[in-house]
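Residue numbers (the numbering used here), protein chains in the order written: chain A, 1 to 112; chain G, 1 to 114.
Structure, rendered in structure tokens:
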């Protein structure tokens with residue numbers, strides 16, 4: 001079985017500041033890792049995914065994430081955030097079955 | 001391109017009433033289909049998944065059931081709703097047998113049981 005921990009439930013930042021949303025996972029098998037974004041009252045949209053290869057993964061909207069196997073982490077980063085990045089972000093892990101296990105989410109609030 | 005449709009977008013139902021939420025996928029064949037529930041502060045909980053017509057796997061014991069009458073149709077039902085069934089219900093699909101395929105989500109149904 002796998003699990004995901006998102007260490008911060010809320011992250012407030014100012015516009016144009018950098019941001020890092022933290023995600024740690026546990027799994028007994030090799031995993032595939034994903035970040036999703038959810039805007040209010042909408043479904044989840046895939047931001048980026050790590051399947052194999054380069055540990056630095058680039059996604060949409062200027063986000064990137066780095067897979068660190070030794071620390072079992074997959075933190076999401078953006079060098080300069082915009083007001084429009086305000087949303088909830090979910091980290092997810094998929095192991096040896098069809099199921100995608102999600103963290104509890106991090107609410108990113110970008111203030112002017 | 002593939003699209004996923006969920007309806008209704010919002011629903012208010014009294015306790016004890018039945019429920020039927022529908023989800024359809026277009027533009028792909030034999031997708032894996034999923035129902036998730038999202039409750040405030042609790043992330044997403046997988047309720048059911050299906051790898052083919054008539055094949056349903058339930059993740060948690062509950063008051064809900066799922067059916068897949070057609071390849072690209074996934075229905076979430078209940079005979080009698082409970083207050084605790086309130087939440088945001090999300091349908092999702094993925095393709096292929098590989099575990100590296102991401103899930104693609106619909107826009108969700110906000111269910112309020114009163």
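No residue lacks a Cβ here, since even glycine has one placed at the ideal position from N, Cα and C.
Alpha-carbon to alpha-carbon, residue 62(G) and residue 58(A) | About 39 Å.
Comparing alpha-carbon positions, which option in 10(G), 34(G) and 56(G) lies nearest residue 44(G)?
-> The option with the nearest alpha carbon to residue 44(G) is 34(G).
Residue 12(G) classed as buried or exposed, judged by whether at least 16 other C-beta atoms fall within 10 angstroms | Residue 12(G) should be labelled exposed.
Within-8 Å CB hit, residue 105(G) to chain A = Yes, residue 105(G) lies at the interface with chain A (some Cβ there is under 8 Å from its Cβ).
Can you give me the Cβ contacts of residue 105(A) inside the same chain, cut-off strictly under 8 Å, excluding the 5 residues immediately before and after it?
-> So the list reads 6, 9, 38, 88, 89 and 90, once near-sequence residues are dropped.
Residue from 19(A), 84(A), 103(A) and 112(A) whose Cα sits closest to the Cα of residue 36(A) | Out of 19(A), 84(A), 103(A) and 112(A), 103(A) has the C-alpha closest to the C-alpha of residue 36(A).
Can you give me, in chain order, the residues of the stretch 48-61 of chain G that have a beta carbon less than 9 Å from any beta carbon in chain A?
-> Within the stretch 48-61 of chain G, contact with chain A at the beta-carbon level (separation under 9 Å) is assigned to 49, 51, 57 and 59.
Does residue 39(A) get closer than 8 Å to chain G when you measure Cβ to Cβ?
-> Among the CB atoms of chain G, none fall inside 8 Å of the CB of residue 39(A).
From residue 113(A) to residue 44(A), what does the alpha carbon distance come to, in whole angstroms?
-> Because chain A spans 1 through 112 in this model, residue 113(A) falls outside it and cannot be assessed.
Would you identify the three-state DSSP class for residue 84(G), choosing helix, strand or coil?
-> If DSSP states are grouped into helix, strand and coil, residue 84(G) belongs with the helices.
Which of the three DSSP states, helix, strand or coil, is assigned to residue 101(G)?
-> Secondary structure of residue 101(G) (DSSP, three-state): coil.
Amino acids of chain A, ordered along the chain, whose beta-carbon sits closer than 8 Å to that of residue 108(G) | Here the neighbours are 41, 42 and 43.
Looking at C-alpha atoms only, which residue of 11(A), 33(A), 2(A) and 93(A) is the closest neighbour of residue 111(A)?
-> With distances taken between Cα atoms, residue 111(A) lies closest to 11(A).
Close-in-space but distant-in-sequence residues of the same chain around residue 106(G) (CB under 8 Å, 5 per side omitted) | Excluding residues within five positions, the ones whose Cβ falls inside 8 Å are 4, 5, 6, 23, 90, 91 and 92.
What in chain A is Cβ-close to residue 42(G), meaning under 7 Å?
-> Among the residues of chain A, those whose CB is under 7 Å from the CB of residue 42(G) are 104, following chain order.
CB residue 60(A) to CB residue 51(A), shorter than 8 Å?
-> With respect to the 8 Å criterion, residue 60(A) and residue 51(A) are not classified as neighbours on the basis of their beta carbons.
At least one CB of chain G closer than 8 Å to the CB of residue 90(A): is that the case?
-> Yes, contact with chain G.
In the DSSP assignment, find the unbroken beta strand (DSSP E) run with residue 14(G) in it and report its ends.
-> It is not in any beta strand (DSSP E) - residue 14(G) carries neither H nor E in the DSSP assignment.
Extent of the continuous beta strand (DSSP E) to which residue 95(G) belongs = Unbroken run through residue 95(G): none, as it is neither H nor E.
Reduced DSSP secondary structure (H/G/I, E/B, other) of residue 84(A) | Residue 84(A) carries a helical assignment under DSSP once its states are collapsed to helix, strand and coil.
Pull up the DSSP beta-bridge partners for residue 25(A), would you.
-> Bridge partners of residue 25(A): 4(A).
Enumerate in chain order the residues of its own chain whose CB-to-CB distance from residue 25(A) is below 8 Å, with the five nearest sequence positions on each side excluded.
-> Excluding residues within five positions, the ones whose Cβ falls inside 8 Å are 2, 3, 4, 5, 31, 33, 72, 73, 74, 91 and 93.
So, does the CB of residue 25(A) fall closer than 8 Å to a CB anywhere in chain G?
-> By this cut-off, residue 25(A) is not an interface position.
Got a sec? Which residues, its chain only, sit under 7 Å from residue 71(G) by beta carbon, not counting five neighbours each side?
-> Listed in chain order, the non-local C-beta contacts of residue 71(G) below 7 Å within the same chain comprise 29, 30 and 53, local neighbours out to five positions each way being set aside.
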